[in-house]
Amino acid sequence: MNRKTIIAYIILILLISQALPFNDNSSAYANSSGIEVAESSINVRSGPGLSYPVITSMKKGDAVDEISRSGDWIEVSISGETGWIASWLTKSSELDSAASSKTAVSSVNRLNVRAQPDLSASVLTQMNAGEQAQIINDANGWAEIEFQGSRGFVSKEYISVNDNTQENPAPASSDVSSIEIAVDALNVRKKADLSSSKQGTVRKGEIYPVIELAGNWVKIQLDDNKTGWVYSFYGHLSNETVETKTDSSVETVTVQTNGTNIRTQASTSSEVAARANAGEQLAVLAQQGDWYQVQLSGGATGFIASWVVATGAQEMKVEKEQAERKKGTLNGLTIVLDPGHGGNDSGTVGARKTQEKGLTLKTAELLAQHLQAAGAEVRMTRQSDVYVDLRKRVAEANNSGADAFISIHYDATEDSTVSGFTSYYMHDYQSELAGYLNAGLGKKLTIRDRGVQPGNYLVLRENRQAAVLVELGFLSNYNEERIISSEQFREQAALGLYQGTINYFDAQLKK
Ligand SMILES: [Zn+2]
Numbered sequence: 069m070n071r072k073t074i075i076a077y078i079i080l081i082l083l084i085s086q087a088l089p090f091n092d093n094s095s096a097y098a099n100s101s102g103i104e105v106a107e108s109s110i111n112v113r114s115g116p117g118l119s120y121p122v123i124t125s126m127k128k129g130d131a132v133d134e135i136s137r138s139g140d141w142i143e144v145s146i147s148g149e150t151g152w153i154a155s156w157l158t159k160s161s162e163l164d165s166a167a168s169s170k171t172a173v174s175s176v177n178r179l180n181v182r183a184q185p186d187l188s189a190s191v192l193t194q195m196n197a198g199e200q201a202q203i204i205n206d207a208n209g210w211a212e213i214e215f216q217g218s219r220g221f222v223s224k225e226y227i228s229v230n231d232n233t234q235e236n237p238a239p240a241s242s243d244v245s246s247i248e249i250a251v252d253a254l255n256v257r258k259k260a261d262l263s264s265s266k267q268g269t270v271r272k273g274e275i276y277p278v279i280e281l282a283g284n285w286v287k288i289q290l291d292d293n294k295t296g297w298v299y300s301f302y303g304h305l306s307n308e309t310v311e312t313k314t315d316s317s318v319e320t321v322t323v324q325t326n327g328t329n330i331r332t333q334a335s336t337s338s339e340v341a342a343r344a345n346a347g348e349q350l351a352v353l354a355q356q357g358d359w360y361q362v363q364l365s366g367g368a369t370g371f372i373a374s375w376v377v378a379t380g381a382q383e384m385k386v387e388k389e390q391a392e393r394k395k396g397t398l399n400g401l402t403i404v405l406d407p408g409h410g411g412n413d414s415g416t417v418g419a420r421k422t423q424e425k426g427l428t429l430k431t432a433e434l435l436a437q438h439l440q441a442a443g444a445e446v447r448m449t450r451q452s453d454v455y456v457d458l459r460k461r462v463a464e465a466n467n468s469g470a471d472a473f474i475s476i477h478y479d480a481t482e483d484s485t486v487s488g489f490t491s492y493y494m495h496d497y498q499s500e501l502a503g504y505l506n507a508g509l510g511k512k513l514t515i516r517d518r519g520v521q522p523g524n525y526l527v528l529r530e531n532r533q534a535a536v537l538v539e540l541g542f543l544s545n546y547n548e549e550r551i552i553s554s555e556q557f558r559e560q561a562a563l564g565l566y567q568g569t570i571n572y573f574d575a576q577l578k579k
């Protein structure tokens, strides 16, 4: 991180803190999908409500990127500043005008229709298999629908989309005709580039027709007749034609939180028969209203509320993390690596002309190999010398529900005698990871250990995950530059970070 970058961050932080009070009530849902103004003119306010002052306005057709949501309000970025607009005055800019002609058909019974596109949002009503709803909007793996007079969101995993206005896509021209997604959640992008905007998310086990191949990228046909690009590394390519997956009714459910009540009757007023913990899977014997009758150990049965469990593919992540991960492995964990700077932003430049952006990428690549070998799903915020917006880097962590986010930098300062590595965190929930990573580095590196320190960096501040920014020595120090720009140093740094990561997650298992 060089001085210019730090100054730019400070200015950005000041702008944001002036524009809006920090709001901890904002919804957990966030993405970077495009929003378009649907009314002739709308106000942009400093906070999520009509009582907040107007800071600017937008005209019909203006497009902005969504940063986060709070209730019916959308946080957007407009010419470098952030503000809030009312969601009911906008539409998704990634949808064509034919969107309103699309209908969602539920593939399962008791499909929850939720108030927000988020698994933790309240359930408004439910759809049964075969029932239809009008699709209003498309949001990141969720469809906003109108069903029997209610507006809400359903997971696109459990619906099929009917659209009579579009023809079937042309068949694939190559030998490869389908891809099976191999990771829990994979972003689909508009172009074959990690910095390109997100079209949606596909999930483990889903199979999509392949339209085109370009380098390590695959253009796929999505369910709703949209196309997008995914990174081929995260899927299995095949020359088999796509079979449509048919969902059967729920066979097992997975408990979401520790101490969940299992009752003797299908009612919250009935006696508690047993308690279950997060990750436990229960076999479903029958459904009764909003309740599942489940099999308990020892032959007993009980009832568990449908709104406290996950069904189908939603189980996978919890299941993998809780059951499969053994000490010393990273199975089921998603780790986002963030090689600092890139493209026009070269980061700091050393006295010997070493560019920070090149070192950060090489170090992240080495670390990625170690983490993947231990079973982790690794996502890189960039894989080449390209500029990636800081908020997009954070969105990669937040959207994938990453278990850790590691931002890699090399340091610089005016005083050329300053030396050593530092591990920064911002929120309390990030400090433990910082401690483990710094300790890991300390065991491998011979340069000075400057310790764990709090640092107000955007990639940490806006990160809802355990996130750390490491500065691996000073390029502004002539002697240190020579050491830290070597391949041997990078390998030691990657090993230190890897061991720190393993130790951190091993410690979580014991809790
Ligand atoms: Zn940097």
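Residue numbers (our numbering): 69 to 579.
We treat Cβ as the ideally placed atom computed from N, Cα and C, and that holds for glycine.
Compare the Cα-Cα distances from residue i to each of the options and report the closest residue.
i	options	result
ALA480	GLY564, ALA419 and MET494	ALA419
VAL173	ILE227, ARG271 and GLY273	ILE227
THR336	TRP375, LEU458 and LEU350	TRP375
VAL636	ASN307, ASP206, GLU274 and THR150	Shown here, the chain extends from 69 to 579; a query on residue 636 therefore has no answer.
ILE474	GLY541, THR422, LYS460 and ILE403	ILE403
ALA192	GLN200, VAL362 and ARG182	Position check: residue 192 holds Leu in this sequence, whereas Ala was assumed. Comparing Cα positions, the closest option is ARG182.
MET494	TYR525, GLY148, GLU559 and ALA432	TYR525
PHE580	ASP261, ALA250 and ASP140	This structure leaves residue 580 out entirely; the chain is present only between 69 and 579.
THR369	GLN567, ARG529, GLY357 and VAL352	VAL352
GLN567	LYS395, ALA189 and SER218	LYS395
Compute the minimum distance between the beta carbon of residue i and the heavy atoms of ligand 1, and state whether it is under 6 Å.
i	result
HIS495	no
GLY418	no
GLU424	yes
HIS477	yes
GLY400	no
GLY217	no
GLY411	no
GLY415	yes
In the DSSP assignment, find the unbroken alpha helix (DSSP H) run with residue i in it and report its ends.
i	result
HIS438	424 to 441
ALA561	555 to 578
GLN498	496 to 512
LEU458	458 to 468
ASP537	Note on identity: in this sequence residue 537 is Leu, with Asp being the wrong assignment. Note, LEU537: premise wrong, no alpha helix (DSSP H); beta strand (DSSP E) at 535 to 542.
ARG529	526 to 529
ILE551	546 to 552
Tell me the DSSP secondary structure of residue i in three-state form.
i	result
ASP252	coil
SER223	strand
TYR9	Summary: the structure shown does not reach residue 9, with the chain confined to residues 69 through 579, and so no result is reported for it.
SER337	coil
ARG393	coil
GLU235	Low local confidence applies: a pLDDT of 36 at GLU235 is under 50, so the model's placement there is unreliable, with the coordinate-based value given in what follows. GLU235: coil per DSSP, three-state reduction.
ARG450	coil
ILE153	strand
VAL376	helix
GLY519	strand
GLY63	Limits of the chain in this structure are 69 at one end and 579 at the other, which puts residue 63 out of reach.
ALA197	coil
Please report the residue range of the beta strand (DSSP E) in which residue i lies.
i	result
ALA211	210 to 215
LYS287	285 to 289
ASN345	First-last for ASN345: undefined, no H or E at that position.
ALA111	Correcting the residue type first, residue 111 is Asn in the shown sequence and not Ala. Taken as a continuous stretch (DSSP letters only), the beta strand (DSSP E) holding ASN111 covers 109 to 113.
TYR493	489 to 493
GLY303	303 to 306
ASN145	What sits at residue 145 in the sequence shown is Ser, not Asn. First-last of the beta strand (DSSP E) with SER145: 141 to 146.
ALA207	200 to 207
SER138	131 to 138
### Three-pair Cβ contact test at 8 Å for the segment 428 to 439 versus the segment 494 to 501
Contact between the segment 428 to 439 and the segment 494 to 501 is not established, with fewer than three Cβ pairs separated by less than 8 Å.
#### Entry: Validate contact between the segment 400 to 413 and the segment 424 to 433 using beta carbons, cut 8 Å, 3 pairs
A contact between stretches requires three or more CB pairs, one per stretch, nearer than 8 Å, and the segment 400 to 413 meets this requirement with the segment 424 to 433.
### Task
Spell out a yes or no on whether the segment 335 to 342 and the segment 275 to 287 are touching, meaning 3 or more CB-CB pairs, one atom from each, closer than 8 Å.
Between the segment 335 to 342 and the segment 275 to 287, the count of Cβ pairs shorter than 8 Å is below three; the stretches do not touch.
### Task
Give a yes or no on contact between the segment 191 to 211 and the segment 138 to 154, applying the rule of three or more CB pairs nearer than 8 Å.
Touching, no.
### Message
Using 8 Å as the cut-off, can you tell me whether the segment 440 to 454 makes contact with the segment 532 to 549, which would need three or more C-beta pairs spanning the two stretches below that distance?
### Response
Not touching, per the Cβ criterion.
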